[in-house]
Amino acid sequence: MRLLVMVSGSGTGLQSVLDAVAAGSLPLTVVAVGSDVPGCSGLDRAARAGVPTFTVARNAFADRAAWNDALEAAIAEHEPDLVLFAGFMRIVGPGVVRRFRIINTHPALLPAFPGAHGVRDALAYGAKVTGVTVHLVDDGVDTGPILAQRAVDIAPGEGEESLHERLKAVEHRLLVEVLAELATGHADASPAETATGPADVSVR
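Note that my numbering has the sequence shown beginning at 29, numbered continuously upward.
Shown next as structure tokens:
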């Protein structure tokens, strides 16, 4: 399976994938790593692993539509079977969503606490349990069909930074497990047609 990874920051999720591939426990090829942030640490991680990189910066384009078109073309150039958003902090347009199989990770048990502040929102709500989700990307924000989830207890008085770090560790393990299922044909995830449209999702 040909995997393309999109990142916006440190790339710790990407690193978990690269490590699993290097260890032989994840039967896929990372064909490229892309970002909307020039020079981000995730691109450095990819370069150290010998993986091709590219950048499509939002501020290089007059509007969001032009950026989406450029992103779609850049991804398509690498002919991926699957695209992973691993800490990629942009909402992409319907052209990208419908053309590619895309999965995303989220630090909450969706549909609870969607959006950019899932950890903070869970703590503010007073939740005693949160978790991580791997899901398909559709036209909404964290609304795509869920592929896998894992719950994590919130310790009494736990702060956002501590919880976020614990969730990241669980998220990385779950991500590798889901990718292995997809790579070996034990799960299937086809692109969502619309935000509420059908998606072929089967995970054992």
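We put the beta carbon where it would ideally sit given N, CA and C, even for glycine.
Rounded distance between the beta-carbons of residue j and residue i, thought under 8 Å
{"i": "residue 83", "j": "residue 74", "result": "No, residue 83 and residue 74 are not in contact; Cβ-Cβ is about 11 Å, not under 8 Å."}
{"i": "residue 34", "j": "residue 160", "result": "With a Cβ gap of about 18 Å, residue 34 and residue 160 do not count as contacting."}
{"i": "residue 42", "j": "residue 62", "result": "Residue 42 to residue 62, Cβ: 11 Å. No contact."}
{"i": "residue 31", "j": "residue 65", "result": "Rounded, the Cβ-Cβ distance is 20 Å, inconsistent with contact."}
{"i": "residue 285", "j": "residue 99", "result": "Within the shown structure, residues of the chain are numbered from 29 to 232, placing residue 285 beyond reach of any answer."}
First through last residue of the alpha helix (DSSP H) which encompasses residue i
{"i": "residue 149", "result": "146–153"}
{"i": "residue 40", "result": "40–51"}
{"i": "residue 123", "result": "122–127"}
{"i": "residue 84", "result": "From DSSP, residue 84 is part of no alpha helix (DSSP H); its letter is neither H nor E."}
Buried versus exposed call for residue i [16 or more other C-beta atoms within 10 Å across all chains shown]
{"i": "residue 158", "result": "buried"}
{"i": "residue 211", "result": "buried"}
{"i": "residue 44", "result": "buried"}
{"i": "residue 87", "result": "exposed"}
{"i": "residue 39", "result": "buried"}
{"i": "residue 67", "result": "exposed"}
{"i": "residue 194", "result": "buried"}
{"i": "residue 199", "result": "buried"}
First and last residue of the uninterrupted beta strand (DSSP E) at residue i
{"i": "residue 71", "result": "Careful: residue 71 lies outside any beta strand (DSSP E), inside the alpha helix (DSSP H) at 69–76."}
{"i": "residue 97", "result": "Taken as a continuous stretch (DSSP letters only), residue 97 belongs to no beta strand (DSSP E), being part of the alpha helix (DSSP H) at 92–104."}
{"i": "residue 265", "result": "Nothing can be reported for residue 265, as the shown portion of the chain is limited to 29 through 232."}
Which residues DSSP lists as bridging residue i, in chain order
{"i": "residue 112", "result": "33, 131"}
{"i": "residue 164", "result": "131"}
Could you pull out every unbroken alpha helix (DSSP H) segment of at least 4 residues lying fully inside the segment 167–220, listed in chain order?
188–211
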